[in-house]
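Using our numbering, the first residue of the sequence shown is number 16, and each one after it goes up by one.
Accompanying notes for the structure given below.
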Amino acid sequence: MPSITTPDTTSHAASDTPSMPRLLFTDLDGSLLDHHNYDWSPAVPWLSRLKERGVPVIPVTSKTRSEILPLRRALGCENAPFVAENGAVVGLPADWCHARLDRHIGRDGLAIQTLGVDIGFIRQRLNIWRARLEDMPGMAFTTMSEMTLEALSDFTGLPESEARLARLREGSEPLTWEGDESGLEALRQGLAGDGLQLVRGGRFWHATGHSHKGNAVNWLIERFQALKGTKPQTLALGDGPNDIAMLEAVDQAVVIRGCHGLEVAPQQAALYRTEATGPTGWAEGVAYWWGRDEHRVTPAALQASGGAEATR
Ligand SMILES: [Mg+2]
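Below, the structure is given as structure tokens:
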């Protein structure tokens, strides 16, 4: 695991400080973190530079709060907010709290906002629909909270210590579907009446409210404006279909080349697609939009192949 080096506070830092405050939103897996080994060392120089400039690097991820907390410390992002469970949960450090709206600050110094639906309600409705539809032949599922730690670890490939953190849900419940299409449709319709939806993820289906990464990013931008009285310039980076709403919610966006073959096509005029994958692509994308103009990084390979999809 790489560590964050002490920022180099040389004299150019002041002239580097942008006049408009900036916020950076980033997906983790496959974006800031390597898809295979979770390394982020290629992004460390930019993480240091952004910290030096006072630009918050805000993780926006499908991970749970419990999974993010140790990661944001290791990344040096502990002064920034974060978004967990694909937009259902937002964590706010003290600087981002509103004296009237965030009264419950935890021992970890964070106020937690649940933008989606409370996990207790989601689990209750799943149980109710399972009971109501129990005579339906194609109706069978297991929620993550019903799986033993060992079964979850086997199913996901996570070590048990990490599987335990993945199970601490606050705003979405993953489930494995063991029934058929008709059962799935019946459950989907039942949950829709409760204001819930079923979203397909990589390994699991997720029962959630109607929160997504884009809503959470908009919520944080509005919070920033309410607290600071000024509009920030915003950048977001992601590699997957669940990042699209986030990439559409910001001023400038980067699609990081993915390792999954899925199409990621946000409606966003200020879009840059990276050549590199993972944290190397992440650094390439940040440099594209926020590298100092005289040092703008435009990969030679990209120029040769006809350039980025869009430029500012
Ligand atoms: Mg990703």
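A virtual CB, placed ideally from N, CA and C, is assigned to each residue, including glycine.
Given 6 Å as the limit, tell me if residue i has its C-beta closer than that to any heavy atom belonging to ligand 2.
i          : result
residue 49 : Absence of ligand 2 is noted for the structure shown, with ligand 1 being the only ligands found.
Kindly list the residues whose CB is nearer than 8 Å to the CB of residue i, restricted to its own chain and excluding five residues on each side of it in sequence; keep chain order.
i           : result
residue 196 : 153
Quick one: measure Cβ to Cβ for residue i and residue j, integer angstroms, because I've assumed they're closer than 8 Å.
i           : j           : result
residue 40  : residue 75  : 5 Å
residue 211 : residue 140 : 6 Å
residue 232 : residue 265 : 7 Å
residue 56  : residue 254 : In fact, because the Cβ distance is near 18 Å, the residues do not count as touching under 8 Å.
residue 134 : residue 208 : Incorrect: roughly 19 Å between the Cβ atoms, too far for contact.
residue 271 : residue 234 : Not confirmed; about 23 Å, so no contact.
Any idea if residue i is buried or exposed, counting beta-carbon neighbours within 10 angstroms, 16 or more meaning buried?
i           : result
residue 318 : Confidence is the limiting factor: at residue 318 the pLDDT is only 43, short of 50, which leaves the residue's position unreliable, though a coordinate-based value still follows. Counting Cβ neighbours within 10 Å, residue 318 comes out exposed, since fewer than 16 surround it.
residue 82  : buried
residue 100 : buried
residue 257 : buried
residue 246 : exposed
residue 128 : buried
residue 189 : buried
residue 267 : buried
residue 336 : Outside the displayed span of the chain (16 to 327) sits residue 336, for which this structure offers no information.
residue 259 : buried
With a CB to CB cut of under 7 Å and the five nearest residues on each side skipped, what residues in its chain are close to residue i?
i           : result
residue 182 : 159, 160 and 167
residue 305 : 250
residue 191 : 156, 157 and 219
residue 78  : 43 and 99
What does DSSP give as the partner residues of residue i in its beta bridges?
i           : result
residue 9   : Since the first residue shown for the chain is 16 and the last is 327, residue 9 is missing from the structure and cannot be characterised.
residue 260 : According to DSSP, which records beta bridges pairwise, residue 260 is partnered with nothing at all.
residue 248 : 37
residue 74  : 41
residue 127 : 106
Starting from the C-beta of residue i, find all residues in its chain whose C-beta is less than 6 Å away, skip the five residues before and the five after it, and write them out in chain order.
i           : result
residue 198 : 151, 153 and 154
residue 132 : 224
residue 35  : 248
residue 95  : 71, 72 and 73
residue 145 : none
residue 123 : none
residue 102 : 226, 227, 228, 230 and 231
Using a Cβ-Cβ distance cut-off of 7 Å, determine whether residue i contacts chain D.
i           : result
residue 133 : Of the chains in the structure shown, none is chain D; there is only one protein chain.
Note down, one range per segment and in chain order, each beta strand (DSSP E) of at least 3 residues found wholly within the segment 147-174.
-> 156-158
Can you list the beta strand (DSSP E) stretches of 3 or more residues lying completely in the segment 177-255, in chain order?
-> 187-192, 212-215, 220-223 and 248-253
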